[in-house]
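Shown next, in structure tokens, is the structure this report addresses.
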Amino acid sequence: MAIYQQTVALPARSRSERIVRFITRTPLHIVLIAIALVWLVPTFGLAITSFRPNSDILSTGWWTGLTHWNWTLHNYGTVIHAQGMGRAWVNSLIITIPATLLPLTLGALAAFGFAWVAFPFRDTIFLLIVALMIIPIQTSLVPLLKLFRQWHLSTPHFGIGAFAFVGIWLAHTAFGLPLAIFLLRNFFITLPKDLIEAARMDGASNMEVFRRIVLPLSVPALASFGIFQFLWVWNDLLMALIFLSGEPTRQPMTVRIPYLLSTYGPEYHLLSAASFLLMFLPLVVFFALQRYFVQGLLAGSVKT
22 MAIYQQTVAL PARSRSERIV RFITRTPLHI VLIAIALVWL VPTFGLAITS
72 FRPNSDILST GWWTGLTHWN WTLHNYGTVI HAQGMGRAWV NSLIITIPAT
122 LLPLTLGALA AFGFAWVAFP FRDTIFLLIV ALMIIPIQTS LVPLLKLFRQ
172 WHLSTPHFGI GAFAFVGIWL AHTAFGLPLA IFLLRNFFIT LPKDLIEAAR
222 MDGASNMEVF RRIVLPLSVP ALASFGIFQF LWVWNDLLMA LIFLSGEPTR
272 QPMTVRIPYL LSTYGPEYHL LSAASFLLMF LPLVVFFALQ RYFVQGLLAG
322 SVKT
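Going from the sequence shown to my numbering is simple: count from 1 and add 21.
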């Protein structure tokens, strides 16, 4: 009889646990849904506005576009063929790709050193590098620009326009390295110590350990920082204004989009279309790598 009572009580207990879990988690789910709506509704409205004529935008709200389908692709055609916009999109790529790969590469090398190479004052130097993240970027931009002008990094070299971007590449790399070292080092120290030591006992050098063992196991962390840095550089306006505002042929999309208003007047349909075009590539990058994003952020939070 006792056994029978136990087997009957277990399903009842599991049902009660599910009910309690549902009741306790429902407020959290409501809060998360509300936060998601706060972020998604403006983006959804921007997407709809980008397909509407300017007369409809000025007279009605974006939500009326859901019931009155007066949508057009003319806004995107105008933005794409606007003077300087195509070149600005290419400039954004020229700025973003090297400014993402440079701190990712240098940060991974430095993080491996802080995680698995013993040298004097290792922890102290690591703390000093992490402390650099609290320094506001705005306080460093003007002295940095003066230094780059003395080094002639803000002007084209050898007749090749791409060299004119060296200054902003180095600036984004310098400001992104502390975060890269912090995130990647915290991930690297969670890797199995026995695996690293076994490779060294087999005669592998530090570079071979880094290239053949650490890098393949650290794809989530590398992708996480890559997404962070890509989004930061692609959406950057401040440093682009300071380093590239003097040359219209070198300006990225974040700098060129406001010119649509001054060129065409209060054409908000063009501004919304250009803004959505600016968002498109970061969205593709994020959704393509999102499964690595959360893994990379959480992997270094608990030391195994």
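Heads up, the beta-carbon is just placed ideally off N, CA and C, and yes, glycines get one too.
Next item on the list: Using alpha carbons as the reference points, say which of Ala103, Asn227, Leu216 lies closest to Pro279.
Entry: Pro279 has its Cα closest to that of Ala103, out of Ala103, Asn227, Leu216.
Check: Between which two residues does the alpha helix (DSSP H) harbouring Met106 extend?
Finding: Unbroken alpha helix (DSSP H) run through Met106: 106-137.
Next item on the list: With a floor of 3 residues, list each beta strand (DSSP E) that falls wholly inside the stretch 50-100, ordered by position along the chain.
Entry: As far as the stretch 50-100 is concerned, it has no whole beta strand (DSSP E) run of at least 3 residues.
Note to self: Let me make sure I understand the geometry here. Which of Pro213, His193, Ala132 has the alpha-carbon closest to that of Pro119?
What the structure shows: Ranking Pro213, His193, Ala132 by Cα distance to Pro119 puts His193 first.
Note to self: Do Leu125 and Ala201 count as a contact pair if the criterion is CB distance below 8 Å?
What the structure shows: For Ala201 and Leu125, yes; Cβs fall inside 8 Å.
Margin query: According to DSSP, is Ala225 part of a helix, a strand, or is it coil?
Written below: Three-state result, Ala225: coil.
Notebook entry, point to check: Grouping DSSP H, G and I as helix and E and B as strand, with all else coil, what is Asp257?
Noted result: The DSSP-derived three-state label of Asp257 is coil.
Item checked: Validate contact between the stretch 151-168 and the stretch 76-95 using beta carbons, cut 8 Å, 3 pairs -> Segments in contact, no.
Item checked: Proximity below 8 Å, CB of Thr121 to CB of Gln311 -> Their beta carbons are not under 8 Å apart, which means Thr121 does not touch Gln311 by this criterion.
Check: Mind checking whether Ser239 and Phe314 have CB atoms under 8 Å apart?
Finding: No, the pair does not count as a contact, with Cβ atoms beyond the cut-off.
Margin query: Rounded to the nearest angstrom, what separates Ile234 and Ala139 at their Cα positions?
Written below: Each residue's alpha carbon lies about 18 Å from the other.
Notebook entry, point to check: Whose CA, out of Ala220, His50, Val151, Ala261, lies closest to the CA of Asn207?
Noted result: When each option's Cα is compared against that of Asn207, the closest is Val151.
Next item on the list: Just list the alpha helix (DSSP H) runs in the stretch 137-217, keeping only unbroken ones of 4 residues or longer that don't cross its boundaries, in chain order.
Entry: Correct list: 143-152, 159-171, 187-209.
Next item on the list: Could you check which residue in Leu243, Gly105, Thr70, Phe264 has the C-alpha nearest to that of Phe133?
Entry: That would be Leu243, whose Cα lies nearest to the Cα of Phe133.
Item checked: Where Ile278 sits in the DSSP three-state scheme -> Per DSSP, reduced to three states, the secondary structure at Ile278 is coil, with no helix or strand assignment.
Item checked: Which listed residue (Pro157, Pro273, Ile263, Ser37) has its alpha carbon closest to that of Gly197 -> Minimum Cα-Cα distance from Gly197 among the listed residues Pro157, Pro273, Ile263, Ser37 corresponds to Pro157.
Next item on the list: Throw me the rounded Cβ distance for the Val100 and Leu298 pair, which I believe falls under 8 Å.
Entry: Contact flag correct, Cβ pair sits at about 6 Å.
Note to self: What would DSSP say about Pro273, mapped onto helix, strand or coil?
What the structure shows: DSSP places Pro273 in coil when its eight states are reduced to three.
Check: Is the stretch 104-111 close to the stretch 263-278, with three or more CB pairs under 8 Å?
Finding: Taking a cut-off of 8 Å for Cβ pairs, the stretch 104-111 and the stretch 263-278 touch, as three or more such pairs fall below it.
Note to self: With a threshold of 8 Å on Cβ separation, who are the neighbours of Thr70 within its own chain once the five nearest residues in sequence on each side are excluded?
What the structure shows: Closer than 8 Å at the Cβ level, and outside the excluded window around Thr70, lie Ile78, Trp83, Gly86, Tyr289, His290, Ser293.
Next item on the list: Report the rounded CA-to-CA distance for Ser37 versus Leu304, giving the unit in angstroms.
Entry: Whole-angstrom Cα-Cα distance: 41 Å.
Notebook entry, point to check: Pro199: buried (16+ other C-beta within 10 angstroms of its C-beta) or exposed?
Noted result: By the neighbour-count criterion, in which a residue is buried when 16 or more other Cβ atoms sit within 10 angstroms of its Cβ, Pro199 is buried.
Next item on the list: Pick helix, strand or coil for Glu268, following the three-state DSSP scheme.
Entry: Of the three classes helix, strand and coil, the one that applies to Glu268 here is coil, per DSSP.
Next item on the list: Count the other CB atoms, across all protein chains shown, that sit within 10 Å of the CB of Ser76; report buried if there are 16 or more and exposed otherwise.
Entry: The residue in question, Ser76, is exposed, as its Cβ has fewer than 16 Cβ neighbours within 10 Å.
Notebook entry, point to check: Measuring CA to CA, which of Asn256, Phe307, Ala309, Phe308 is closest to Ile116?
Noted result: It is Asn256.
Next item on the list: Leaving aside the five residues before and after Ile210 along the sequence, list all residues of the same chain whose C-beta is less than 6 Å from its C-beta, in chain order.
Entry: For Ile210, where only same-chain residues beyond five positions count, the Cβ hits under 6 Å are Ala136.
Notebook entry, point to check: If we count the other Cβ atoms within 10 Å of its Cβ and call it buried at 16 or more, is Leu281 buried or exposed?
Noted result: That one is buried.
Next item on the list: Go ahead and pull the three-state DSSP assignment for His102.
Entry: DSSP, read as helix, strand or coil, puts His102 in coil.
Notebook entry, point to check: Nearest-angstrom Cα distance between Ser113 and Asp144?
Noted result: Counting only the Cα atoms, Asp144 lies some 37 Å from Ser113.
Item checked: Selection from Ala261, Val230, Phe203 that minimises the alpha carbon distance to Pro213 -> Each of Ala261, Val230, Phe203 was checked against the Cα of Pro213, and the nearest Cα belongs to Val230.
Notebook entry, point to check: So, is Gly98 buried or exposed, given that buried needs 16 or more other C-beta atoms within 10 angstroms?
Noted result: For Gly98, the number of other beta carbons within 10 angstroms of its own is below 16, and it is reported as exposed.
Notebook entry, point to check: On the premise that Ile263 lies in contact with Leu162, defined as a C-beta separation below 8 Å, what is that separation, rounded to the nearest angstrom?
Noted result: The pair is a contact, with the Cβ atoms about 5 Å apart (cut-off 8 Å).
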